[in-house]
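> Just passing along the structure, written as structure tokens.
Protein chains: 2
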Amino acid sequence: MELVPVGWVESPLTDAAAAPKQGDEGAPPAWLVFDGAYADALGDLEAGVELLVLTWLDRADRSVLRVRPRGDASRPLTGVFSTRSPDRPNPIGLHRVRVLAVDGLRVRVADLEALDGTPVLDVKPVLEPRGER
Amino acid sequence: MELVPVGWVESPLTDAAAAPKQGDEGAPPAWLVFDGAYADALGDLEAGVELLVLTWLDRADRSVLRVRPRGDASRPLTGVFSTRSPDRPNPIGLHRVRVLAVDGLRVRVADLEALDGTPVLDVKPVLEPRGER
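From first to last, the protein sequence lines stand for chains A and B. Going by full-length UniProt numbering, the letters in the first sequence line up with residues 1 to 133, in that order. Going by full-length UniProt numbering, the letters in the second sequence line up with residues 1 to 133, in that order.
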């Protein structure tokens, strides 16, 4: 179960501590920059659509099983499967974004809360009548 | 970027060709059976909550970049990032399910469209005000 990066995030967000905690709190637009080997896979993306972007949160701590939500010391330790903490056994980030523009292998998206350099694993449409197995 | 299975799917679905194409078309209930090493991570799951389950679609073809949606030969070839095809470079399945019951390391869920034996990678709450980085 070895992942391959299909692209990377280009974002002004470079510091985990300073990053907003969710997209609608003001994450900036970012670029998804794809490896040319995957050009055919992204050939039908277009401005205006909503996407789910899956990323590899490469700065996460994979040994963490319980966290205090939002880093709030007054809250109880909670199993990570009941939180969106990036620290978890398989640190896959799931981000809902809107496509602003497509320029060849570069896709501009709004509200992506992911740090600069984060590997992109997959992109899926938000809505499709069928197809998930 | 090496994934570890945190558990496995136990489901009556054993044949990809016969599986429904999305949960609300009638996927049966299934069990998520977790490895004991992750007991602390799932300690706060409870019946009634909605979860996103991430799986590794281990029978997928990772070389596929374009597909005919729904396997319909009359439809044009479409980049896999615009479809929910399981065949894609990183075949991570994303399933929205409802928890029916929790029994130790076994979690019963409704409407999981995943084949028996599919590795489970992660579980996330559907709704949380903050926390995704």
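The beta carbon of each residue, even a glycine, is placed where N, CA and C say it ideally should be.
Among D111(A), R59(A), T83(A), D44(A), which one has its Cα closest to the Cα of D15(A)?
Measuring from the Cα of D15(A), the nearest candidate turns out to be R59(A).
> Extract the residue ranges of the beta strand (DSSP E) inside the UniProt domain "TsaA-like" (3-133) of chain A, only unbroken runs of 3 or more that lie entirely within it.
Listed in chain order, they are 7-10, 30-34, 50-56, 92-103, 106-110, 119-125.
> Taking the Cβ atom as the reference point for each residue, do V97(A) and L77(A) lie within a distance shorter than 8 Å?
No, the pair does not count as a contact, with Cβ atoms beyond the cut-off.
> Could you tell me if the beta carbon of W56(A) falls within a distance shorter than 7 Å of some heavy atom in the ligand FMN?
For the structure depicted, the ligand FMN is absent and the ligand set is empty, with no information on it obtainable.
> For chain B, check one thing: does any of its Cβ atoms lie closer than 8 Å to the Cβ of V97(A)?
no
> For E10(A), collect the residues of the same chain with a Cβ closer than 7 Å to its Cβ; drop the 5 residues on either side in sequence, then sort them by chain order.
Excluding sequence neighbours, E10(A) sits near A30, W31, V33, D116.
> Measuring alpha carbon to alpha carbon, tell me which residue in W56(B), S82(B), D122(B), R108(B) is nearest residue 135(A).
Within the shown structure, residues of chain A are numbered from 1 to 133, placing residue 135(A) beyond reach of any answer.
> What's the C-alpha gap between A101(A) and L45(A)?
9 Å
> Tell whether a beta-carbon distance below 8 Å holds between M49(B) and P125(B).
A small correction: the amino acid at residue 49(B) is Val; Met does not occupy that position in the sequence shown. Against a cut-off of 8 Å, the Cβ pair of P125(B) and V49(B) comes out as a contact.
> For chain A, check one thing: does any of its Cβ atoms lie closer than 8 Å to the Cβ of A102(B)?
Note that residue 102(B) is Val in the sequence shown here, rather than Ala. No, because no Cβ of chain A sits closer than 8 Å to the Cβ of V102(B).
> For chain B, is any of its Cβ atoms less than 8 Å away from the one on E10(A)?
no
> Measure from the C-beta of P29(B) to each C-beta in chain A and report whether the shortest distance is under 8 Å.
False, the Cβ-Cβ gap to chain A never drops below 8 Å.
> By the 10 Å Cβ neighbour count, where 16 or more other Cβ atoms means buried, how is S74(B) classified, buried or exposed?
Taking all protein chains in view, the Cβ of S74(B) is surrounded by fewer than 16 other Cβ atoms within 10 Å, so the residue is classified as exposed.
> Kindly list the residues whose CB is nearer than 8 Å to the CB of V67(B), restricted to its own chain and excluding five residues on each side of it in sequence; keep chain order.
L77, T78, V80, T83, S85, D87
> Going by the beta-carbon positions, is the gap between L94(B) and A41(A) smaller than 8 Å?
No.
> Could you check whether the Cβ of E50(A) sits closer than 8 Å to any Cβ belonging to chain B?
No, E50(A) does not count as interfacial toward chain B.
> Which residues in the same chain have their Cβ closer than 6 Å to the Cβ of P28(A), if we skip the five residues on either side of it in sequence?
P12
> Among residues of its own chain, excluding the 5 on either side of V109(B), which ones have a beta-carbon nearer than 8 Å to its beta-carbon?
P29, A30, W31, L32, L51, V53, V97, R98, V99, L100
> For V4(B), count neighbouring Cβ atoms within 10 angstroms of its own Cβ and tell me buried if that reaches 16, exposed if not.
exposed
> Express the C-alpha separation of G43(B) and P69(A) in angstroms, rounding to a whole number.
Straight-line measurement puts the Cα of G43(B) at about 14 Å from the Cα of P69(A).
> So is A39(B) buried or exposed if we call it buried at 16+ other beta carbons inside 10 Å?
exposed
> For T14(A), decide whether its Cβ has a neighbour in chain B, counting only Cβ atoms nearer than 8 Å.
no
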